[in-house]
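Trainee: 1 is the number of the first residue of the sequence shown in full-length UniProt numbering; add one for each residue after it.
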Amino acid sequence: MICSAVVAPTASADDVYFSVGLNPWATIGLTVDDFAKTRIEYTRGGRVLASSVSGSSPYAFYNELRLGALVSGDVLNLYRNGSFSGAFTYTGPPSIGADACAGRTSFTVTGDEGARIEDAGSYFADVPGSRGEARFTNGNPATITLARPLSSGETVYAETVRSSAWNEGSKVFVHSYGVKTIGACAAPEVPAEPQPPVTTPTPTPEASPDSRRPDAGREFQQAIGRTGAQLGAFTPAKLARKGKLTLAVDVPAAGTTKLRLTTKAKGRTVVLGSGTAVSRSGQTTKVTLKLTADARALLKRSKRLKVTLKGTFIGGGRTTTQTTSVTLKR
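(1) Pick helix, strand or coil for I117, following the three-state DSSP scheme.
(2) Helix, strand or coil: how does DSSP classify E64 here?
(3) Suppose the cutoff is 8 Å on Cβ atoms and the five residues either side in sequence are ignored; what does the same chain contact list for T327 look like?
(4) In whole angstroms, what is the alpha-carbon distance linking K244 and L272?
(5) Would you mind sorting R226 into buried or exposed? The rule is 16 or more other CB atoms within 10 Å of its CB.
(6) Just list the residues that DSSP pairs K264 with in beta bridges.
(7) From the DSSP output, in three-state form, read off P226 for me.
(8) Indicate the three-state DSSP secondary structure (helix, strand or coil) for A297 in the structure shown.
(9) In the DSSP assignment, the alpha helix (DSSP H) including R241 goes from what residue to what residue?
(10) On the three-state DSSP scale, how would you describe F220?
(11) Could you tell me the distance, in whole angstroms, from the CA atom of I96 to the CA atom of A142?
(12) Under a Cβ-count criterion, where at least 16 other Cβ atoms within 10 Å of its own Cβ denotes burial, should Q195 be classed as buried or exposed?
(13) Taking 7 Å as the cut-off, decide whether the C-beta atoms of T155 and V127 are in contact.
(14) Tell me, to the nearest whole angstrom, how far the beta carbon of L309 is from that of G228; I am working on the premise that it is less than 8 Å.
(15) What are the boundary residues of the beta strand (DSSP E) that includes T31?
(16) Taking 8 Å as the cut-off, does the region 118-125 touch the region 65-79 (at least 3 CB pairs, one atom from each stretch)?
(17) Output the distance between the C-alpha atoms of G86 and S19, rounded to the nearest integer angstrom.
(18) Do A100 and S152 come within 7 Å of each other at the CB atom, strictly closer than that value?
(19) N81 lies in the beta strand (DSSP E); which residues open and close that run?
(20) On a CA-only basis, which of R148, Y17, Y79 and S52 is nearest P93? Give me that one, please.
(21) Answer with buried or exposed for V6, where buried requires no fewer than 16 other C-beta atoms within 10 angstroms of its C-beta.
(22) Taking the Cβ atom as the reference point for each residue, do S279 and R260 lie within a distance shorter than 7 Å?
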């Protein structure tokens, strides 16, 4: 389940993410509201499968684990500054209904009790920019309505969020993300004839190679969300004094990563800075953005400024672009 789309940490609560995509691995993530030292453990049947300490990553308030699979009943434990803060049991990804099939323009999604849809839609895994518009209801189950009919081989996704609390009472939002590859709709049931009908078993088609390819677009979308979260550590004045800004990006493969930071001022888009970096493999890459003189002047006189980070990844013959927004505050 998760993620983040990409959801930047809120100013008043932590976020826990469970994400299962088309990739051959799953992600468990944690974003904390403060800069506390955190350790997360992922357990199955009381046995620790993996653990991570926040100080080992380039993100001061982000902690992440990757596993081959998540199983319903697994437990995520959080330790903050050495003390146990609480645990969450994984109950599986959002349930995407059988009505999500080729030719349909809507489908249903069911989440955990108390959960609501945070994001949903459809896309083609190998076609950058193919993500379509979607509207969804607030109920549980929720109805997702698309702007166009679904096609075989397309991917639908859903992310739910519910509010909970740690042991000490502080709020935490639990996000769950899941996907489904679209196939043909099931044939309608035919009333039984008086005599037993003769049926021929239909072989299950083998999954196409394309459906097993890693979802680089979704990986980069999550990476840009985590990169944007780093901006939350800066006030406008602090960023203006730096002159340049270095951000870490988890790129999905070898390629070129471009970052562009902008804001709106007097009805026009102002470029605050941009930068490019080349990576030889999927890894954490650092991109340095040089701030313009006009950008620094705007930052110095701003008490609160909403900025947009646009990331473009070019690799493997494909180009993927994602954006995320963060508000800088004094």
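Beta carbons: idealized from backbone N, C-alpha and C, even for Gly.
Mentor: Short version:
(1) DSSP places I117 in strand when its eight states are reduced to three.
(2) strand
(3) Closer than 8 Å at the Cβ level, and outside the excluded window around T327, lie R304, L305, K306 and V307.
(4) 10 Å
(5) buried
(6) T269
(7) Per the sequence shown, the amino acid found at residue 226 is Arg instead of Pro. Correct three-state label for R226: helix.
(8) For A297, the three-state secondary structure derived from DSSP is helix.
(9) P236 to K242 is the extent of the alpha helix (DSSP H) around R241.
(10) helix
(11) 10 Å
(12) exposed
(13) no
(14) 5 Å
(15) DSSP places T31 in the uninterrupted beta strand (DSSP E) bounded by A26 to T31.
(16) Of all C-beta pairs linking the region 65-79 to the region 118-125, fewer than three are shorter than 8 Å, placing the two stretches out of contact.
(17) 20 Å
(18) no
(19) Where N81 is concerned, there is no enclosing beta strand (DSSP E), given that its DSSP letter is neither H nor E.
(20) Y17
(21) Note that V6 scores a pLDDT of 34, beneath 50, so its modelled location is shaky and nothing firm can be said.
(22) Contact: no.
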